[in-house]
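Each protein sequence line maps, in turn, to chains A and B. Heads up, the first sequence is in this note's numbering, so the first residue is 616 and it goes up one at a time. Heads up, the second sequence is in this note's numbering, so the first residue is 356 and it goes up one at a time. Written below as structure tokens is the structure these notes are about.
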Amino acid sequence: MEPGAPAPEAAAAGAAGESVPDVAAIVAELRAEVQRKRDTGELPAALLARLRTEFRPGSEWEPPEAVMLIESARPLRSNRPGVGPAIVFAKRAVRRLLAWYVAPIAQEQTRFNQAILRELRALELRVARLEERSPGPTDPPSAGPPGSAGSPEDGDTARGGQPQR
Amino acid sequence: MKLAIVLPRFAHGVLGGAEREFGEMARRLRSRGHDVTILTTCAVDHHTWRNELPPGRDEVDGIPVLRHPVSVPQDPAAMARIQSAIDAGLRLPAAWEDEWVRNTGYSDALMEGIAATADRVDGLVFAPYLFASTVFGARVRPERSLIQPLLHDEAYARFGCVQETLRGVAGILWNSRGERELGERLLPGLPPGRLVSAGVEIPARPPDAAEERRRLRLEGVVVSYAGRREGAKNFPLVAEAVAAANLGWGRPVTLLAMGAGPAELPATARHFVRDLGRVSEARKLAAFAASTAVVNLSTVESLSFVVLEAWSVGVPVIVHADCAVTRHHCEESGGGLWVRDAAEAVEAMLRLGDEPELRARLGAAGRRWVEHSASWDAALDRLEAAVPDLLGTPAEAGG
């Protein structure tokens, strides 16, 4: 049968009482096939990586260092035909006029980002050293009783929010 | 049974899944002799919540509607501030969560309307969970209120005010087993719930798949997507998989994309995507029938009409492994496969394309499941039983 052949006929062919197809087994086969291709290099890994970046920019977590620096001067452009250059000129003038006000705020924010990241990386190192010293169960400790910070049951959006999707 | 359904918006041209589901439910309940009214706001656009329709009595497709003006106009600056904190995964202060919800069409008049209606009906049904009409409306008379949350695994479901409302009502009406499991995991301590769901119609005359393939000049493996063509629904992943099949596997696969607004995609995908735009229900079902599979890789679904509609015409689906609801549908029915990434999606598309017998078997299993578990008759029977069961009221038709 053609892939697009009238499916209801197929449905009719599947008489009532027919068993439910073992879709979990089919999914397992698909995964095994993908893994096999990955292991043997048959999977177009470079293409898949390129497509992922192209179709879903930002789908991979960027390290925070990549967005640490706040620049007060944004690229200026206008898509309006004809008046575009005039608009860009006006924007440039406004940028210059406001630079005394905006630039220090951006610098201050960048300094803050750097300080936070320095502390974060120092903490990361300390945690890694502690884990090396006391190898134990690899699972993280439980979230604690309801009401404690970070418990997914207590209205915490920090860990259970959109990034978990 | 006398029922008031409370929705944030309800009007012609409002095409959200919730509005569609509850409009259909209200219409069908009325045809069974029940007295159903929809209480809602005067807003149409969920970005602005502007009062666009006159307050008072209205009728939409034969359903009586009572409109109330929104009294908290949306504050875009506040919403942007709160939304950026949500997107960054930060823990919000309770006042911010409250403010976010109040900015989704809060109406004092609707609260008064709910209070005035509560004793005149057998029950109040609120949906979906994250809007002011539900979060604050269901607190007016919680003992007379049921919520059909249409829950997603997202930050809003963890808002303190949302949880307080959901825990305080008389009962929860679930749309699917997957949604109930998600709810019980995210929100322990919920009141009793019943699985109600919604339904789809099995077409009396099956679409002519061969004719549709001829009309659209389709060849080989074709997959369909219907719905919002945006990142939140994981549409780019569907297009990415189709591009990968063509460019990396060297197999021609065409994506039929249906939905409002342009499908904005990288140039790489344009050769393989046929953008059909907004189509009629009949055209959509015909396109589904002409497809090897219908693909919905969204991870935030509480039911997924698209999956049910694909099965109603006997076509298998490919869903995302991380979506508890659609994956559960597939596990239970045997009507679809679940994938984790583009590579697995390609393999699933090609497998169904290469093995028509397998495709037919899965499609038939999905169709049997819809007939048995997701017909409107079955959904309304369950609702008629659930309302008196959870609220302790009689369920006679025409009450």
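Don't be surprised by glycine CBs; every beta carbon is placed ideally from N, CA and C. Please read these numbers as outputs of a predicted model, since none were measured by experiment.
- For a cut-off of 8 angstroms, the C-beta gap from B/L421 to B/I437 is around 30 angstroms, too long to register as a contact.
- Counting C-beta atoms within 10 angstroms of its own C-beta, B/D744 has fewer than 16 neighbours from the protein chains shown and is therefore classed as exposed.
- In the three-state DSSP reduction, B/N458 falls in the coil class, being neither helix nor strand.
- If only complete runs of 4 or more residues are kept, the region 664–706 of chain B shows the alpha helix (DSSP H) at 679–688, in order along the chain.
- The three-state secondary structure of B/V634, taken from DSSP, is coil.
- Using a Cβ-Cβ distance cut-off of 8 angstroms, the region 643–657 of chain B and the region 579–586 of chain B are in contact, since at least three pairs of beta carbons, one from each stretch, lie closer than that value.
- At a cut-off of 8 angstroms, the C-beta of A/F727 has no neighbouring C-beta in chain B.
- Within the region 502–530 of chain B, the complete alpha helix (DSSP H) runs of at least 4 residues fall at 515–523.
- The region 660–669 of chain B makes contact with the region 555–575 of chain B: 3 or more CB pairs, one atom from each, lie closer than 8 angstroms.
- Listed along chain B are A599, L602, G603 and W604, each with a C-beta nearer than 8 angstroms to that of A/P659.
- Only residues of its own chain outside the window of five on either side were considered, and among them none has a CB closer than 6 angstroms to the CB of B/R625.
- At least one CB of chain A lies nearer than 8 angstroms to the CB of B/G691.
- The Cβ-Cβ distance between B/P607 and B/G575 falls below 8 angstroms.
- A direct Cα-Cα distance of roughly 14 angstroms separates B/W455 from B/Q518.
- Distance from the Cα of B/T623 is smallest, within the candidate group A/T668, A/P636 and A/E723, for A/T668.
- Within chain A, no residue has its beta carbon less than 9 angstroms from that of B/L506; the closest one is some 13 angstroms off.
- Look at the region 614–634 of chain B: the residues with a C-beta under 8 angstroms from a C-beta of chain A are L620, P621, T623 and A624.
- Partner residues in the beta bridge of B/F481, as assigned by DSSP, are B/V361 and B/I502.
- At least 8 angstroms separates the CB of A/F704 from every CB of chain B.
- B/V361 is positioned such that its CB atom lies closer than 8 angstroms to that of B/L394.
- Taking a C-beta distance under 8 angstroms as the contact criterion, B/V672 and B/V649 qualify as a contact pair.
- Counting along the chain, B/L573 sits inside no alpha helix (DSSP H), nor does DSSP assign it H or E at all.
- In the structure shown, B/R606 falls within a coil segment according to DSSP collapsed to helix, strand and coil.
- Assigned with DSSP and collapsed to three states, B/D709 falls in helix.
- Shown here, B/T396 sits in a strand according to DSSP, grouped into three states.
- C-alpha of A/P700 to C-alpha of A/P719: approximately 28 angstroms in a straight line.
- Within the region 671–705 of chain B, P671, A676, D677, C685, E686, E687, S688, G689, G690, G691, L692, W693, V694, R695, D696, A697, A698, E699, V701, E702 and A703 place their CB atoms closer than 9 angstroms to a CB of chain A, listed in sequence order.
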